[in-house]
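Step one of this worksheet: look at the structure below.
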Amino acid sequence: MATIKPGGLGIKTRLFQVIFESDTRLAKGFDIFLALLIFLSVGIILLDSVPEYHARFGELFYVVEWGITLLFTLELALRIYCLEKPKLYLKSFYGVIDVLAVLPTWLALLFPGAQTLVVVRLLRTLRLFRVLEMMTVVGEGRLLMDALIRSRHQILLFLFAVLMVVTIFSSLLYLIEPAEAGFTSIPKSIYWGIVTLTTVGYGDITPVTALGQFISMMIMLTGYSIIALPVGVFSAEVIRALRAERYSDEACPGCGKHRHEIDAKYCKYCGTWLDEETPEPVE
């Protein structure tokens with residue numbers, strides 16, 4: 001939210017410092033207080049779904065949840081009020097989450113049961129990273145996300161290949177097995193194939209012929225043998241990203257070798273000064 005600015009001096013600037021920043025005790029206390037309210041709200045929704053607790057404390061849960069929702073609604077209004085460009089905030093990740101955090105309870109007035117969606121408020125606790133000075137964790141999360149994006153083609157190709165294998169085996173089972181075994185259609189057989197390949201095995205559809213059981217064993221063994229492939233691809237991209245962050249691609253002007261650390265001043269192979277844009281310091 002570096003581009004978000006307060007809408008003016010005075011009270012708006014003060015509200016902005018408390019609500020959007022975390023460099024003061026009051027701002028940190030505000031974020032921690034919000035996090036506690038979020039956990040309390042989500043806990044209430046979870047407990048209210050238990051019939052015994054709902055029968056005993058349903059009215060109390062209802063009142064507390066509405067109280068928390070009103071506080072969150074007031075907080076959202078203050079966020080919008082103190083900003084120079086509220087639309088910019090509402091389009092951001094945190095802005096969307098803040099809006100979604102108050103919508104379920106209000107929607108419950110029109111659609112009963114919608115209040116269970118307040119569990120989305122847990123996403124607001126991401127602000128605790130800022131309060132607890134854990135932004136490095138967020139940086140590591142971005143690194144993993146970048147690695148996942150870079151390996152998306154290999155993973156999609158892997159999933160497509162697996163889907164083809166499942167479709168072929170499932171079609172065979174549809175031809176081999178009787179309908180009484182549960183293989184009433186090819187889509188139903190594909191459901192069985194995916195469940196078998198992932199070794200989940202619900203048991204609601206099982207082959208009864210010897211050939212069908214043999215194919216089932218082959219699918220299960222295939223699942224065990226290929227499950228590590230996407231993990232290996234993803235791990236390789238993570239390692240490549242870590243190396244890219246640590247090492248520079250520029251060659252040494254003296255010996256032409258690569259793989260120097262980014263903050264290195266001299267070549268580790270020949271001792272040549274690496275920064276060609278600045279003169280080498282003279283001792």
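So that you can map any letter, position 171 of the sequence shown is 171 in UniProt numbering, and since no number is skipped, the others follow by simple counting. We put the CB at the ideal spot given by N, CA and C, even for glycine.
- T222 sits away from A181, with the two beta carbons spaced by 8 Å or more.
- In the assembly as shown, T209 is an exposed residue. Its beta-carbon has fewer than 16 other beta-carbons within 10 Å.
- A Cβ-Cβ contact shorter than 8 Å links I190 with V166.
- The residue from V162, S151, C255 with its alpha-carbon nearest to that of V231 is S151.
- By the criterion of at least three beta-carbon pairs nearer than 8 Å, the region 71 to 87 is in contact with the region 8 to 21.
- For T199 and M217, the gap between their C-alpha atoms comes out near 10 Å.
- Non-local C-beta neighbours of P86 in its own chain, meaning closer than 7 Å and more than five positions away in sequence, comprise I80, ordered along the chain.
- For Y266, the secondary structure class from DSSP, reduced to helix, strand or coil, is strand.
- Bounds of any alpha helix (DSSP H) do not take in I4, whose DSSP letter is neither H nor E.
- In the structure shown, L71 falls within a helical segment according to DSSP collapsed to helix, strand and coil.
- Checking the DSSP bridge columns, you'll see L76 has no partner listed.
- When the Cα atoms are used, Y94 and K265 turn out to be separated by approximately 40 Å.
- L109 carries a coil assignment under DSSP once its states are collapsed to helix, strand and coil.
- Fewer than three beta-carbon pairs drawn from the region 95 to 108 and the region 29 to 36 are found closer than 8 Å, and the two stretches are therefore not classed as touching.
- For L37, DSSP assigns no beta-bridge partner whatsoever.
- Nearest to F169 by alpha-carbon distance, out of L159, W192, A147, L148, is W192.
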